[in-house]
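This report concerns only the one structure given below.
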Amino acid sequence: ISNATAYVLDAHLRPVPVGVAGEVYVGGSGLAWGYLHRPDLTAERFVPHPFSSTPGARLYRTGDKARWREDGTLDFLGRVDFQVKVRGFRIELGEVEAALRAASGVNEAVVIAKGADGDKRLIGYVTARPGHTVDADGLKAGLK
Numbered sequence: 337i338s339n340a341t342a343y344v345l346d347a348h349l350r351p352v353p354v355g356v357a358g359e360v361y362v363g364g365s366g367l368a369w370g371y372l373h374r375p376d377l378t379a380e381r382f383v384p385h386p387f388s389s390t391p392g393a394r395l396y397r398t399g400d401k402a403r404w405r406e407d408g409t410l411d412f413l414g415r416v417d418f419q420v421k422v423r424g425f426r427i428e429l430g431e432v433e434a435a436l437r438a439a440s441g442v443n444e445a446v447v448i449a450k451g452a453d454g455d456k457r458l459i460g461y462v463t464a465r466p467g468h469t470v471d472a473d474g475l476k477a478g479l480k
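337 is the number of the first residue of the sequence shown in the numbering used here; add one for each residue after it.
See the structure below:
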């Protein structure tokens, strides 16, 4: 992309060596100033550009985990957070887990995403509180 640069950085915003996983940051003249009416999210995702001499320059923290390959290709490895994309929608797995835990009789819950991009689906695992049973159909209906 013209006028854009991708960086793979560690948690201290330092470049990682080729082949080492880090988080993808994007910068350049086409970078947005932030999220509309979301200063909290803007502060979290748009960080000062550590390699630029331009005042106010920033990088966008994508949340994607990747590594540079020897041939200069960026190799996508997944997400650094627990966000997944299912049928075009970004979903926080932790939010689904919290909703499951709030259901009657549920003690603990874990949610994973399985499948390829076009066929990705969420799978939830729950344990019942002692002395309770959990109705799978009721859980599904409660999440819709």
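C-beta: ideal position from N, C-alpha, C; glycine also.
Cβ-Cβ separation, residue j to residue i (assumed contact under 8 Å), whole Å
{"i": "D400", "j": "E359", "result": "7 Å"}
Other residues of its chain near residue i: CB distance less than 7 Å, five sequence neighbours each side excluded
{"i": "T463", "result": "N443 and E444"}
{"i": "L345", "result": "P351, V352, G358, E359 and Y361"}
{"i": "G451", "result": "R457"}
{"i": "V356", "result": "R403"}
Classification of residue i by the beta-carbon crowding that lies within 10 angstroms, buried from 16 upward
{"i": "V432", "result": "buried"}
{"i": "Y343", "result": "buried"}
{"i": "L410", "result": "exposed"}
{"i": "L377", "result": "exposed"}
{"i": "L479", "result": "exposed"}
{"i": "L372", "result": "exposed"}
Candidates the options: closest to residue i by CA position
{"i": "G364", "options": "P386, G478, L377 and T341", "result": "T341"}
{"i": "A347", "options": "R397, L458 and Y371", "result": "R397"}
{"i": "V446", "options": "G460, G408, G414 and T378", "result": "G460"}
{"i": "L367", "options": "K476, G430, F425 and R381", "result": "R381"}
{"i": "N339", "options": "R374, L395 and L349", "result": "L395"}
Own chain residues within Cβ distance below 8 Å of residue i, not counting five before or after
{"i": "A393", "result": "G363, P384 and H385"}
{"i": "L475", "result": "L436, A439, V442, G460 and V462"}
{"i": "R405", "result": "V354, G355 and D411"}
{"i": "G454", "result": "none"}
Close Cβ partners of residue i (< 6 Å) along its chain, the five nearest in sequence each way excluded
{"i": "I448", "result": "I459"}
{"i": "G414", "result": "K401"}
{"i": "L349", "result": "P386"}
{"i": "G370", "result": "T378 and F382"}
Say whether the segment 434-442 touches the segment 467-475, bearing in mind that this needs 3 or more beta-carbon pairs closer than 8 Å, one atom from each stretch.
-> These segments touch.
At a cut of 8 Å, does the segment 417-427 reach the segment 381-388 through at least three beta carbon pairs?
-> With the cut-off at 8 Å, the segment 417-427 and the segment 381-388 do not touch.
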